[in-house]
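Residue numbers 8 to 307, in the working numbering, belong to the letters of the sequence shown in order.
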Amino acid sequence: MTAPSDRLATGVLLFSASLWGLSWMPLKWFIAQGLSGPVVSLVSYGAVGLCALVFIWRERAAWRAHGGWLLALALVGGWANTSFVNALMVGDVVRVMFLFYLSPVWSVLGGWLFLKERIPPTRWAAVVAAIVGLWLVLGGPGAVDLSLSLSDGLALSAGLAFAGNNLLARAAQGVPLQSKTFAVFVGCGAISLAVTAALGQGLPALPAGVWLAVLAYGFVWLLLATATWQFGVTHLESSRAGVILLAELVVAVLTALWFGGETLTPMGWAGGTLIAVAALVEALDTRPTDPRPQTAPTGG
């Protein structure tokens, strides 16, 4: 079988990024119907995760010796998706997306701290730019305080967990790709179940069409976005894929401003631009990040 062309892989990845960037639209519709974020993530991700257990179990011989990694991927990746869904449903889409896209900062810091990677100066500069961008998005010099709302905290934790999931996926080389992917759905469903139980939330009495829409969001929208993402990043250079995936940020911000009735101050634009540039620098950096020499094993 011949490898797909770069043009095809690029188009597929742009499609995936657009789906992720537009995901705020069905999520806002769900909350308008009376659904909470934890319930939406439970039904959409959880239903897919329940079905995916069959495929994960079939690969048990491959990941049995790496079960700890698979569990970590489920928990960290599950939290990334759960918190992101809830942040988009209750918060300002533009603000949430900018805060989520601080994930390159966490990737750099995580690679440096835990994987002992050598970080080139340009990537450190990107970290500084992203942190300054965060400060501006939160209000900059004119802000009385830099307190975070619930949606802000969820968005930041989603970006942090997403970066952690990427680090875990790189470290868990013994876990098959399919199991890594589906573990996130299982983890998201399990975390959402725990949150809904802790909050005492049940499934509200809503028309069957609403529940079918939530299931379609999980089995069609999310699975399609995930599958096309996997296809694109598998057949493109990582730097090129990283740049293309920035389309998610662009699509989300522009559509929220055009169709969602949201606004952004000049300072917010400046901060968001710094964050986007930092993500672009991180994506374009193709130099190897070889581990530093170790005098003793670090575990993991």
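All C-beta atoms, glycine included, are put in the ideal place defined by N, C-alpha and C.
Here glycine 75 is exposed, its C-beta having fewer than 16 other C-beta atoms within 10 Å. Taking 8 Å as the cut-off, the beta carbon of valine 50 is found no closer than this to the beta carbon of leucine 34. The beta-carbon distance between valine 55 and glycine 225, rounded to whole angstroms, is 5 Å. This is short enough to meet the 8 Å contact definition. Inclusion of leucine 29 and valine 240 in the CB contact set at 8 Å is not warranted, their separation being larger than that value. Here DSSP, grouped into helix, strand and coil, assigns glutamate 269 to coil. By the 16-neighbour rule on beta-carbons within 10 angstroms, threonine 129 is exposed. Per the coordinates, the alpha-carbon of arginine 102 lies some 11 Å from the alpha-carbon of leucine 264. In this structure, valine 193 places its C-beta atom within 8 Å of the C-beta atom of alanine 59.
Leucine 174 and proline 148 have their C-alpha atoms spaced approximately 34 Å apart. Taking alanine 286 as reference, the option from Leu261, Gly209 and Leu253 with the minimal CA-CA separation is Leu253. Alanine 87 places its beta carbon less than 8 Å from that of alanine 165. Leucine 80 is positioned such that its CB atom lies closer than 8 Å to that of alanine 179.
The Cβ atoms of glycine 41 and glycine 140 do not sit closer than 8 Å to each other. Cβ atoms of serine 186 and isoleucine 63 come within 8 Å of each other, at about 5 Å. Secondary structure of valine 182 (DSSP, three-state): coil.
Under the three-state reduction of DSSP, glutamine 237 is assigned to helix. Here the C-alpha atom of leucine 77 lies approximately 18 Å from the C-alpha atom of threonine 89. Looking only at Leu143, Leu210 and Phe121, the smallest Cα-Cα distance to proline 45 is reached by Leu210. Taking C-beta atoms under 8 Å as the contact rule, leucine 95 and tryptophan 31 qualify, at a distance of about 5 Å. In its chain, beyond the 5 residues on either side, Gly194 have a beta carbon closer than 6 Å to the beta carbon of leucine 82.
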